[in-house]
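For the sequence shown, this note's numbering assigns the number 4 to the initial residue and increments by one for each residue that follows. Just below is one structure, and these are the notes that go with it.
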Amino acid sequence: MKISARNQLKGRIVEITMGATTAHVRIEIGGTIVTASITNAAVDDLALTVGKEAYAVVKASDVMIAID
């Protein structure tokens, strides 16, 4: 995979919830769950299934850091 986004988090799909047009795909990454909202067509095109390894790719103009 080649992609310009720097924030690529590799994990395993733990849940896929299909809606009318949009799916929520939950990926476990080091004990943390990241949820992506993608189209149902993208789930089919990528052949996503529970248990499959996948990347959560975060593309944002800003990434902020916070502390308590």
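Think of the CB as a built atom: it goes at the ideal place given N, C-alpha and C, for glycine as much as any other residue.
Tell me the rounded alpha-carbon separation between I36 and T52.
So the alpha carbons of these two residues sit roughly 16 angstroms apart.
Looking only at its own chain, which residues have a Cβ that is under 8 angstroms from the Cβ of A8, when we skip the five neighbours before and after it?
Closer than 8 angstroms at the Cβ level, and outside the excluded window around A8, lie V60, V61, K62.
Which parts of the segment 10-58 are runs of the beta strand (DSSP E), unbroken and 3 residues or longer, counting only runs that do not cross its ends?
Those beta strand (DSSP E) runs which fall completely within the segment 10-58 and span 3+ residues are 10-21, 25-32, 35-42.
Taking 7 angstroms as the limit between beta carbons, can you name the residues of its chain near I19, skipping five residues before and five after?
Counting only Cβ-Cβ distances below 7 angstroms, and skipping sequence neighbours, we find A26, V28, V46, L51, V53.
Which residues does DSSP list as the beta-bridge partners of V61?
For V61, which the question treats as bridged, DSSP gives the partners N10.
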